[in-house]
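To start, the structure under review is shown below, and the notes come after it.
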Amino acid sequence: MSDPYAFARDRTAGALSRLNTGTVTLTRVTRADLDPSTPWQPGAVISTAVYTLDARADGTAGEYADGTTVLATDRMVIASPRATLNGTVVDLVPLMTDTLAIDGEIKTIKKIDAVPAAGPAVRYHMFISS
Numbered sequence: 692m693s694d695p696y697a698f699a700r701d702r703t704a705g706a707l708s709r710l711n712t713g714t715v716t717l718t719r720v721t722r723a724d725l726d727p728s729t730p731w732q733p734g735a736v737i738s739t740a741v742y743t744l745d746a747r748a749d750g751t752a753g754e755y756a757d758g759t760t761v762l763a764t765d766r767m768v769i770a771s772p773r774a775t776l777n778g779t780v781v782d783l784v785p786l787m788t789d790t791l792a793i794d795g796e797i798k799t800i801k802k803i804d805a806v807p808a809a810g811p812a813v814r815y816h817m818f819i820s821s
């Protein structure tokens, strides 16, 4: 069965590559399992991957602000699920443990919404502190 969202994903990726705002990267750190004798210390870093995103960072629209997790003063990063890793285009699903950098400024992800909410994502809304 073909992917009903493929066309929308391609259009989103193309639009965001033309309308991006600065350089947005996502860093994913993979760690070893925790040592049971020191569970408060994170596992050793196994690998670090830095993905370049087709994305734009804007202010958060009022409809997304909930007053607790997402504030009206936060920023929303709209990103394509297609990213570049070492010159290769890959599909990427962002995780809460990832970090974003916007023009080199590192930001912690507060919330991630996949659009649409069911099925393969066409885009992601990632909320970060301003």
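Going by this note's numbering, the first residue of the sequence shown is number 692, and it counts up by one from there.
Glycine residues also receive a C-beta, built at the ideal position from the N, C-alpha and C atoms.
Owing to the predicted nature of the structure, the values given are computational and were not obtained by experimental measurement.
Cα-Cα separation between residue i and residue j, rounded to whole angstroms
i, j, result
"ASP724", "PRO733", "8 Å"
"THR712", "LEU791", "14 Å"
"SER820", "ALA752", "14 Å"
"ASP794", "SER708", "15 Å"
"SER771", "VAL741", "15 Å"
"THR764", "ALA748", "13 Å"
Which of helix, strand or coil DSSP assigns to residue i
i, result
"ALA706", "helix"
"ASP745", "strand"
"ALA792", "strand"
"ASP701", "helix"
"ASP804", "strand"
Status (buried if at least 16 other CB within 10 Å, exposed otherwise) for residue i
i, result
"PRO675", "Residue 675 lies beyond the stretch modelled for the chain, which goes from 692 to 821, so this question has no answer here."
"MET787", "exposed"
"SER728", "exposed"
"ARG722", "exposed"
"ILE800", "buried"
"ILE737", "exposed"
"LEU710", "exposed"
"ALA735", "exposed"
"ILE769", "buried"
Where the beta strand (DSSP E) containing residue i begins and where it ends
i, result
"MET817", "814-819"
"ASP782", "779-782"
Cβ-based neighbour list, residue i, same chain, cut-off 7 Å, excluding 5 preceding and 5 following
i, result
"VAL813", "TYR696, ALA699, ARG700, THR703, VAL806, PRO807"
Proximal residues to residue i (C-beta, below 8 Å), its chain only, five neighbours per side dropped
i, result
"THR716", "VAL741, TYR742, THR743, LEU744, LEU791, ALA792"
Residues of its chain near residue i, where Cβ-Cβ distance is below 6 Å and the 5 sequence neighbours each way are ignored
i, result
"ARG719", "ALA740, ASP789"
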